[in-house]
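Report on the following structure.
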Amino acid sequence: MRTMDFIEKNFLKKHVPLLNVGDTVDVHVKIKEGEKERIQIFSGTVIKKKGGGTSETFTVRRIVQGEGVERIFPLHSPNVAKVVVKKQGNVRRAKLYYLRERVGRATKVEEKVGAAAYVELIADEDTTTKEDKQPEKSEQPKDTKPTEKQADKGGSPQGAKQADNKPATPPTTDKKKETAAK
Numbered sequence: 657m658r659t660m661d662f663i664e665k666n667f668l669k670k671h672v673p674l675l676n677v678g679d680t681v682d683v684h685v686k687i688k689e690g691e692k693e694r695i696q697i698f699s700g701t702v703i704k705k706k707g708g709g710t711s712e713t714f715t716v717r718r719i720v721q722g723e724g725v726e727r728i729f730p731l732h733s734p735n736v737a738k739v740v741v742k743k744q745g746n747v748r749r750a751k752l753y754y755l756r757e758r759v760g761r762a763t764k765v766e767e768k769v770g771a772a773a774y775v776e777l778i779a780d781e782d783t784t785t786k787e788d789k790q791p792e793k794s795e796q797p798k799d800t801k802p803t804e805k806q807a808d809k810g811g812s813p814q815g816a817k818q819a820d821n822k823p824a825t826p827p828t829t830d831k832k833k834e835t836a837a838k
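657 is the number of the first residue of the sequence shown in the working numbering; add one for each residue after it.
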């Protein structure tokens, strides 16, 4: 491990959303005005990602009153409260600079199929906290009698747990049978 990587590790955010070029995002930015602090949302399309580690940045573009506005955000900055992916874009370029010359509906990026499920997955990850992820204690103490299901198997409660946790083998398909026969 490089020395800089070791030092930067302390400054990296733990939960960084999966951002790709072409995604439509909401960036929640902390703004300090005097002694007050508020959150401002900047919505737009990610047109560029650059760098790595603490210096990783992404550029978001949107149209405001007919003028294109681009803003560069450091991904691991403490001023970026959170980034929410609204739509996942289907693009075939690493940099979407061609959107700068386009106006109106021509600036729309095609949405990936199944992006709604992706957005829900990201939202679910954001709502779960470390307290929710703590391992659950077993429902039954070790010194109690086995349940009917465990008694039918003829084992102790611990033996029943092992029998239930066996990995299931996937059923073989016709193609696998044909190749096995050859």
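No residue lacks a Cβ here, since even glycine has one placed at the ideal position from N, Cα and C.
query                                                                                           : result
Simplified DSSP assignment, three categories, for Ala762                                        : helix
Local Cβ density within 10 Å of Gln744, reported as buried at 16 or more and exposed below that : buried
Inter-residue Cα distance where the pair is Ser641 and Val740                                   : Not covered by the structure: residue 641. The range shown for the chain is 657 to 838.
Beta strand (DSSP E) segment containing Thr659, residue limits                                  : Looking at the DSSP string, Thr659 is not in any beta strand (DSSP E); the run it does join, the alpha helix (DSSP H), is 659-664.
Interface flag, Glu664 vs chain D, CB-CB below 8 Å                                              : Among the chains of the structure shown, chain D does not appear; only one protein chain is present.
Counterpart residues of His684 in DSSP-defined beta bridges                                     : Ile697, Lys738
Buried or exposed by the 16-neighbour rule on C-beta atoms within 10 Å, applied to Ile703       : buried
Helix, strand or coil at Gly745 according to DSSP, with G and I counted as helix                : strand
Straight-line gap, Pro734 to Lys669 (C-alpha atoms, nearest Å)                                  : 9 Å
Alpha carbon of Thr785 to alpha carbon of His671, nearest angstrom                              : Below a pLDDT of 50, predicted positions are generally treated as unreliable, and Thr785, at 48, falls in that range; the measurement from the model is reported next regardless. So the two alpha carbons sit approximately 11 Å from each other.
Check whether Arg756 and Gly724 have beta carbons under 8 Å apart                               : yes
Nearest neighbour of Ala762, chosen from Glu693, Arg718, Arg658 [CA to CA]                      : Arg718
CB of Val683 within 8 Å of CB of Val716, strictly                                               : yes
Option in Val677, Glu689, Lys705, Ser711 with minimal Cα separation from Lys768                 : Val677
Alpha-carbon spacing of Ile695 relative to Val736, whole angstroms                              : 9 Å
Anticipated Cβ contact below 8 Å, Phe667 with Thr710, distance rounded                          : 5 Å
Environment of Asp612 [buried if 16+ CB atoms lie within 10 Å]                                  : The question about residue 612 has no answer here: the residues shown for the chain are numbered 657 through 838.
Thr659 burial status per 10 Å Cβ neighbour count (16 or more: buried)                           : exposed
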